[in-house]
Amino acid sequence: MGCVSSKGRRQFPGYEDPVFLASQTTFSVSEVEALFELFKSISSSVIDDGLINKEEFLLALFKNRKKENLFASRIFDLFDVKHRGVIDFGDFVRALHIFHPNTSMEDKINFSFRLYDLDNTGFIEREEVKQMLLALLGESEMKLADETVEAILDKTFLEADTNQDGKIDMSEWQYFVSKNPSLLRIMTLPYLRDITTAFPSFVFYSEVDEAAA
Amino acid sequence: KPVSMNAFELISRSPGFSLENLFER
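Chains as they are written, first to last, in my numbering: chain A, 1 to 213; chain B, 1 to 25.
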């Protein structure tokens, strides 16, 4: 393949060889190259610097760069593994790998735990869950009385915090999620199975031989 | 009325967690 030169890839800070990224993730080389087409599009939507900043991430998710959102920000922060305020191509592929249908449940459970552990203490605390619940109510039409919010938190911690110490640790989370598998639905993007179909133009920019892909 | 849903079920419905939108180019 490789019918068009893709020298421009070197302008992408953090660009990594698709063969290497494929070896580290569930994706094939062709799928990594298709993800690069998506990455190029998102990373050039506000500032064409080969990196995705939070504004571009929010714009891609909501079609509105001004929309602050606790949940999208949290996902961005977990994608931004180097804590630089931007996502490079390697970060992007490795993070999306978690959302692939073929990725292990263990990886998905670990990522989902970190998603809810807002202050990165290794525990999901009641205050964090309350903060997320209130953020959800703030962004939706849903109205709940304070007592109802507290009742939801009581029920949640009664079920999830099995040692009743007021916080959910990783082993409690693993058990809780095994009893409530629907909680992991957000951790799988069926779309990732068809990524080469969604971005067929990757073929024109491929640097890899068909045999390797 | 007893509460039937746990907090995480509600939270996981936030559109901010819907990464499908990333693929709508």
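Glycine included, each C-beta is placed from N, C-alpha and C at the ideal position.
Considering only DSSP beta bridges, list what residue i is partnered with.
i              : result
residue 86(A)  : 53(A)
residue 125(A) : 167(A)
If you follow the alpha helix (DSSP H) that residue i is part of, which residue opens it and which one closes it?
i              : result
residue 23(A)  : 18 to 24
residue 27(A)  : Neither: residue 27(A) is in no alpha helix (DSSP H) and is coded neither H nor E.
residue 78(A)  : 70 to 79
residue 112(A) : 105 to 116
residue 99(A)  : Where residue 99(A) is concerned, there is no enclosing alpha helix (DSSP H), given that its DSSP letter is neither H nor E.
residue 162(A) : That residue, residue 162(A), is in no alpha helix (DSSP H); it is neither H nor E in DSSP.
residue 12(A)  : Neither: residue 12(A) is in no alpha helix (DSSP H) and is coded neither H nor E.
residue 10(B)  : 7 to 11
residue 188(A) : Run containing residue 188(A): none; DSSP gives neither H nor E here.
residue 198(A) : 195 to 198
residue 203(A) : 202 to 205
Using a C-beta cutoff of 8 Å, does residue i count as contacting chain B?
i              : result
residue 132(A) : yes
residue 179(A) : no
residue 129(A) : yes
residue 182(A) : yes
residue 69(A)  : yes
residue 99(A)  : yes
residue 217(A) : Coverage of chain A is limited to positions 1 through 213, which leaves residue 217(A) absent and any answer about it impossible.
residue 139(A) : yes
residue 191(A) : yes
residue 152(A) : yes
residue 125(A) : no
residue 82(A)  : no
residue 59(A)  : no
residue 26(A)  : no
residue 162(A) : no
residue 159(A) : yes
residue 38(A)  : yes
Taking Cβ positions, are residue i and residue j nearer each other than 8 Å?
i              : j              : result
residue 29(A)  : residue 109(A) : no
residue 198(A) : residue 22(A)  : no
residue 97(A)  : residue 27(A)  : yes
residue 53(A)  : residue 86(A)  : yes
residue 10(B)  : residue 61(A)  : no
residue 111(A) : residue 78(A)  : yes
residue 172(A) : residue 160(A) : yes
Contact check, residue i vs residue j under 8 Å by CB: the rounded distance?
i              : j              : result
residue 46(A)  : residue 56(A)  : 5 Å
residue 14(A)  : residue 80(A)  : So it is not a contact: roughly 11 Å between Cβ atoms.
residue 41(A)  : residue 50(A)  : About 12 Å separates the two Cβ atoms, so there is no contact after all.
residue 7(B)   : residue 153(A) : 6 Å
residue 196(A) : residue 94(A)  : Not confirmed; about 18 Å, so no contact.
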